[in-house]
Amino acid sequence: MSTFDHVGLIHNINESLATFRKAQPEAMRGFAQLAQASMAEGAISAKHKELIALAIGVSQHCSGCIGFHVKALLKLGATRAELEEMLAVSVYMGGGPSLMYAAEALKAWDTMAEVHVA
């Protein structure tokens, strides 16, 4: 089972990127605008877009992506059943390596859901 501290990981990533944001403000603003435009409600709901983003994070083996997108999914009211179905598709498409990161996503969900509800 994953021993990642996704809450701490998100904090550390944000902290580490602080100097990069100062050094490259235009690039970071551009990335933020791309993220905001891509994830906005449209023909596909924001929740479904976050599920897609998390599926890509799982398939690309990105722990930071898992943390950020699980956090967003909880804020958007996604259910564990929706998460589990998306992870099943991720494992189908990505095989064993995606299964390992699916376990990490489930652990992140359980950990962050406790914090989110509290």
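Okay, so the sequence shown: first residue is 15 according to our numbering, each after it adds one.
Yeah, the Cβ is synthetic: ideal placement off N, Cα and C, and Gly gets one too.
Where residue 62 sits in the DSSP three-state scheme = Here DSSP, grouped into helix, strand and coil, assigns residue 62 to helix.
Residue of 119, 92, 94 minimising C-alpha distance to residue 105 | 119
Classify residue 87 as buried or exposed, calling it buried when 16 or more other Cβ atoms lie within 10 Å of its own Cβ.
-> buried
So residue 134 is in the alpha helix (DSSP H); what residue range does that whole segment cover?
-> Outside the modelled stretch of the chain, which goes from 15 to 132, sits residue 134, for which no answer is possible.
Counting along the chain, where does the alpha helix (DSSP H) carrying residue 81 start and finish?
-> 77-89
Coarse secondary structure for residue 46, derived from DSSP in three states = helix
Secondary structure of residue 15, DSSP reduced to three states = Its pLDDT being 46, under 50, residue 15 is placed unreliably by the model, and nothing is read from it.
If we call anything under 8 Å between Cβ atoms a contact, is residue 115 one with residue 80?
-> Taking 8 Å as the Cβ cut-off, residue 115 and residue 80 qualify as a contacting pair.
Cβ-based neighbour list, residue 113, same chain, cut-off 8 Å, excluding 5 preceding and 5 following | 105
Give every residue of the same chain whose Cβ lies closer than 6 Å to the Cβ of residue 26, excluding the five residues on either side of it in the sequence, and list them in chain order.
-> none
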